[in-house]
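Colleague:
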């Protein structure tokens with residue numbers, strides 16, 4: 012009897028503690044409602060989202076979001092780059108803010124989740140804390156970044172990495188970034204003034220959909236992002252001799268299509284021959300002049316490699332380059348290789364922040380997986396100045412940047428709860 | 012002594028006979044001069060010819076050609092399709108005319124020989140006959156066809172194979188064929204009236220540059236065309252799943268680029284595995300959406316097969332099709348195949364005409380080679396209504412449809428002499 016009494020007591024205590032740990036939860040329905048409301052701005056006939064940055068849909072959606080932020084207890088302003096910044100004071104003004112957020116702009120005919128989940132999630136976290144009467148030691152800062160899809164413009168501006176030339180680039184709205192930022196109420200001339208420096212933030216967190224199929228396929232709840240991969244681009248031009256497809260015998264051809272096709276296969280073979288999560292893609296192939304009745308004189312093939320390690324990317328690339336050269340010479344074909352640009356450098360998540368995300372997710376009862384982010388995010392820019400962490404939730408079928416991009420209400424709430432508890436834990440640890 | 016005397020006498024007789032056979036020769040310098048004059052119409056800064064049909068350059072060149080034809084003793088008219096027709100009466104009005112000719116229009120930035128050689132050659136033949144006071148039994152007809160490069164328009168009109176839809180196609184001049192024919196002084200509405208029927212011509216001959224490298228590479232003088240190859244076109248669409256190149260792990264991809272690349276290699280392998288002169292070309296390959304950072308959802312590959320035998324084309328095709336299907340299913344990729352159109356049916360040269368061309372060329376001391384024409388020509392349309400023959404001369408490096416298209420003055424004169432003597436021989440044989 013006694014043992015049963017004590018057992019029951021202990022069980023009750025454990026349950027009480029567990030409930031206590033879990034009792035601070037975001038309001039899943041409210042969060043879902045705000046997400047659905049946001050998705051109505053710029054919804055097109057195909058069910059996709061046309062909320063490109065700087066468009067009327069973006070501007071209207073920002074008004075809605077600003078209202079929501081104010082309602083959540085944030086003090087809201089728009090900075091010179093058009094970023095929406097919401098601040099909530101902490102108990103200890105000596106501590107640097109913990110920042111978190113995402114973006115609400117979309118690619119043309121995009122989905123409703125890439126950006127909005129992390130944006131609405133961030134606001135819901137603050138709303139929940141306000142409701143619960145919880146004031147963190149650190150002040151909190153919710154950031155809704157300007158034009159993520161069109162070149163992580165807002166986050167680059169924040170870390171001082173947005174060039175004057177980048178401001179002149181025409182965005183998918185038709186406006187230049189410069190004009191677009193003005194349309195949001197920013198002042199592109201004064202962007203240098205808003206630059207944050209290393210140490211200005213205690214941490215930066217971003218909740219986001221995975222945009223890939225790892226979590227969905229493996230039926231896992233939460234992705235703990237290891238970092239955002241480096242991206243390198245090249246273009247291979249195989250140069251043969253354009254000729255009449257009817258009058259040129261097979262044995263007199265200098266057809267660059269053949270080594271180009273071999274290279275496509277070699278890229279796949281070489282990239283998959285390495286252990287790890289690196290990816291390699293030939294997304295574009297073009298023959299010139301490109302007519303069915305002309306042997307091409309030139310075939311261009313793009314190559315993109317992504318991995319958390321730049322060193323590994325270059326190791327794989329050098330093997331591909333060697334193969335391309337031997338294919339060209341074997342076919343008596345010329346070869347020009349162009350390294351397009353460093354599309355982006357790797358941005359590693361902070362190990363301590365990763366660990367907190369993982370442990371908080373597990374404490375909440377979620378299964379987790381550590382994985383790299385193959386896509387770029389504002390978090391990768393923010394990693395330049397602050398310990399960074401990203402939380403992923405599953406994307407149905409791994410689809411993204413398309414109308415059928417989808418994450419469940421439950422997964423969104425799960426990710427937002429992980430964000431909430433990661434903030435609370437970091438608030439304790441970062442002193 | 013006697014033997015020596017007789018031997019000498021016989022030798023002299025043979026020489027006299029040989030000289031007699033060779034004495035009817037075209038004027039190589041005059042022919043070359045008219046070709047060079049013709050090439051001045053539409054010459055561009057790059058040295059290429061911009062004498063597309065219906066342009067001002069084409070129209071001016073036609074005036075020059077009409078003058079030359081009249082000067083050669085031809086009675087000239089322009090038919091409803093804009094074809095320039097030059098007639099020279101024969102001794103026997105009961106015989107059907109022997110026709111010969113080519114075209115003077117060029118592809119944009121084309122060369123000076125594809126078409127002009129056979130056109131100026133035909134006029135030179137008549138000029139030579141007039142000078143020599145030779146009247147053939149058959150009447151002769153020189154035809155300079157309208158817009159060969161833009162769809163063998165004039166010859167199709169002549170044989171009743173030009174559809175009303177084809178007249179609405181916009182030509183490279185910017186005018187529709189309908190408007191272009193009007194610009195040449197034709198009357199597209201009355202084209203049906205000019206239709207020639209089978210038996211209306213005793214024969215049709217066309218002198219042309221090879222546009223390929225067979226004669227040039229093997230250092231031969233004259234090509235005896237076996238026929239104009241059939242051409243068939245297909246488009247293979249490999250259908251995978253467009254996805255983010257960063258977030259989609261290698262083993263979760265449905266990348267249509269891989270089977271498309273395999274097919275390019277298979278086409279080459281299968282086409283060259285057969286004996287013969289067939290050719291197979293992948294001239295165009297396109298990935299959709301076609302961005303360096305997107306795994307394509309679809310890759311389209313064109314296939315063109317050419318051979319004198321349609322049966323052989325379809326046999327080769329069926330092997331390629333089978334390969335494409337197995338590549339698609341092996342990669343879990345969808346496949347759609349579209350047979351574009353019968354770009355053209357095979358047109359065999361008349362065996363007797365071929366034999367005459369060959370024997371006359373050999374009599375003139377020229378080396379010959381029988382070969383198919385991989386390119387289309389007006390002669391292939393004319394073959395529908397008349398025994399057809401084509402004479403090829405070497406093209407330097409096999410180059411055609413380009414500013415550096417070139418044939419020597421000697422080769423051009425050789426081909427024109429073969430044309431002349433083929434006409435004279437056919438005039439005897441065709442009664």
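Chains as they are written, first to last, in our numbering: chain A, 12 to 442; chain B, 12 to 442.
All C-beta atoms, glycine included, are put in the ideal place defined by N, C-alpha and C.
For clarity, every value in this text was computed on a predicted model and none was experimentally measured.
What are the start and end residues of the beta strand (DSSP E) that includes residue 187/A?
Modeller: Segment: none, residue 187/A is in no beta strand (DSSP E) and carries neither H nor E.
Colleague: Work out the CA separation of residue 126/A and residue 32/A for me, nearest whole Å.
Modeller: Any reading at residue 32/A must be qualified, since the residue scores a pLDDT of 46, below 50, and its modelled position is unreliable; the value itself is stated next. The alpha-carbon atoms of residue 32/A and residue 126/A are separated by roughly 28 Å.
Colleague: Beta-carbon within less than 6 Å of residue 233/B's beta-carbon, same chain only, minus the 5 sequence neighbours each way: which residues are those?
Modeller: 372, 377, 379 and 429
Colleague: Which residues in chain B sit within 7 Å of residue 279/A, going by Cβ to Cβ distance?
Modeller: Chain B residues near residue 279/A: 269.
Colleague: Check the C-beta distance from residue 295/A over to residue 303/B and give it rounded, since I have them as a contact under 8 Å.
Modeller: 6 Å
Colleague: Anything in chain B within Cβ reach of residue 222/A, meaning under 7 Å, just list it in chain order.
Modeller: 255 and 258
Colleague: Mind checking if residue 298/B is an interface residue toward chain A, Cβ cutoff 7 Å exclusive?
Modeller: yes
Colleague: Run through chain A and tell me which residues come within less than 7 Å of residue 303/B, C-beta to C-beta.
Modeller: 244, 294, 295, 313 and 315
Colleague: List the residues of chain A that residue 409/B touches, going by C-beta distances under 9 Å, in chain order.
Modeller: 254, 255, 258, 259, 260 and 263
Colleague: Which residues in chain B sit within 9 Å of residue 330/A, going by Cβ to Cβ distance?
Modeller: Correct list: empty, because the minimum Cβ distance to chain B is about 15 Å.
Colleague: State buried or exposed for residue 395/A, treating a residue as buried only when at least 16 other CB atoms are found within 10 Å of its CB.
Modeller: buried
Colleague: Hey, would you say residue 159/A sits closer than 7 Å to residue 114/A, going by beta carbons?
Modeller: yes
Colleague: Looking only at C-alpha atoms, which of 172/A, 314/A and 173/A sits nearest to residue 272/A?
Modeller: It is 314/A.
Colleague: Specify, as a first and last residue, the run of the alpha helix (DSSP H) that residue 241/B falls within.
Modeller: It is not in any alpha helix (DSSP H) - residue 241/B instead sits in the beta strand (DSSP E) that spans 241 to 250.
Colleague: One question on the structure: do residue 247/A and residue 312/A come within less than 7 Å of each other, judged by their Cβ atoms?
Modeller: In this structure, residue 312/A lies closer than 7 Å to residue 247/A by Cβ.
Colleague: In this structure, does DSSP put residue 445/A in helix, strand or coil?
Modeller: Because chain A is modelled from 12 through 442, residue 445/A falls outside the range shown and cannot be assessed.
Colleague: Going by alpha carbons, who is nearest to residue 349/A out of 357/A, 188/A, 335/A and 167/A?
Modeller: 335/A
Colleague: Can you tell me which of the three DSSP states residue 78/A falls into?
Modeller: Helix at residue 78/A.
Colleague: Buried or exposed: where does residue 138/A fall if 16 or more other Cβ atoms within 10 Å of its Cβ makes it buried?
Modeller: Its Cβ being crowded by 16 or more others within 10 Å, residue 138/A is buried.
Colleague: Taking residue 149/B as the reference, which of 122/B, 111/B and 156/B has the closest Cα?
Modeller: 111/B
Colleague: With a cut-off of 7 Å, does the C-beta of residue 275/A fall near any C-beta of chain B?
Modeller: yes
Colleague: Per DSSP, what kind of secondary structure is residue 428/A in: helix, strand or coil?
Modeller: helix
Colleague: Could you list the residues in the stretch 106 to 137 of chain A with a C-beta less than 8 Å from some C-beta on chain C, going in chain order?
Modeller: Annotation note: the requested chain C is absent from the structure, which comprises protein chains A and B.
Colleague: When Cβ atoms are compared, which residues of the stretch 367 to 383 of chain B fall closer than 8 Å to chain A?
Modeller: none
Colleague: What do you get for residue 56/B, buried or exposed, if any count of 16 or more other CB atoms within 10 angstroms of its CB means buried?
Modeller: exposed
Colleague: For a quick check, are the C-beta atoms of residue 310/A and residue 267/A less than 7 Å apart?
Modeller: By the CB criterion at 7 Å, residue 310/A and residue 267/A fall inside the cutoff.
Colleague: How is residue 219/B classed by DSSP in three states: helix, strand or coil?
Modeller: Of the three classes helix, strand and coil, the one that applies to residue 219/B here is strand, per DSSP.
Colleague: Starting from residue 270/B, trace the alpha helix (DSSP H) in both directions and tell me its first and last residue.
Modeller: 268 to 283
Colleague: Counting only runs that start and end within the stretch 318 to 377 of chain A, where is the alpha helix (DSSP H) found for 4 or more residues in a row?
Modeller: 321 to 341 and 362 to 374
Colleague: From which residue to which residue does the alpha helix (DSSP H) around residue 401/A run?
Modeller: The continuous stretches of alpha helix (DSSP H) do not include residue 401/A, which lies in the beta strand (DSSP E) extending over residues 399 to 404.
Colleague: Let me make sure I understand the geometry here. Which of 327/B, 385/B and 343/B has the alpha-carbon closest to that of residue 319/B?
Modeller: 385/B
Colleague: From 58/B, 53/B and 100/B, pick the residue whose C-alpha is nearest to that of residue 70/B; which is it?
Modeller: Cα-wise, what sits closest to residue 70/B is 53/B.
Colleague: Straight-line CA distance for residue 337/A to residue 331/A?
Modeller: CA-CA distance, residue 337/A to residue 331/A, rounds to 10 Å.
Colleague: From 406/A, 64/A, 270/A and 342/A, pick the residue whose C-alpha is nearest to that of residue 190/A; which is it?
Modeller: 64/A
Colleague: Would you say the stretch 208 to 225 of chain A touches the stretch 238 to 258 of chain B, given that touching needs at least three Cβ pairs under 8 Å?
Modeller: yes
Colleague: Does the CB of residue 385/A have a neighbour CB from chain B at under 7 Å?
Modeller: By this cut-off, residue 385/A is an interface position.
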